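Residue numbers (the working numbering): 107 to 179. Structure first, commentary second.
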Amino acid sequence: MVKKVKLHDLCCANCAAKIEDKVAKIKGVGSVTVNFLTEKMILDVEEEKFEVIKVEIEKIVHKIEPDVEIEYL
């Protein structure tokens, strides 16, 4: 299942790359791309694990970028 996530106020491309790298390691995530310019993350995830994956994503994003607002599209 493909999910899109908006990362409002992402500060730099380096942080986007760190988020992408860490999220890619979450069990149940098939692929992930984070685009700094559009502030979007596109994920291919296992649908039945998405609620657990969301919690992990939020932990990762807020550890790297504490002020980012996460919106699931």
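All C-beta atoms, glycine included, are put in the ideal place defined by N, C-alpha and C. Treat the numbers as computed from the prediction; the structure is a model and nothing was measured.
Collapsed DSSP secondary structure at residue i in the structure displayed
i	result
Lys-131	coil
Glu-171	coil
Glu-162	helix
Glu-153	helix
Glu-145	coil
With 16 other Cβ atoms within 10 Å as the buried cut-off, status of residue i
i	result
Glu-171	buried
Leu-149	buried
Leu-113	buried
Close Cβ partners of residue i (< 6 Å) along its chain, the five nearest in sequence each way excluded
i	result
Glu-153	Met-107
Cβ-based neighbour list, residue i, same chain, cut-off 7 Å, excluding 5 preceding and 5 following
i	result
Asp-173	Asp-115
Ile-159	Ile-132, Gly-134, Val-135 and Val-151
Ile-166	Ile-125, Lys-128 and Val-129
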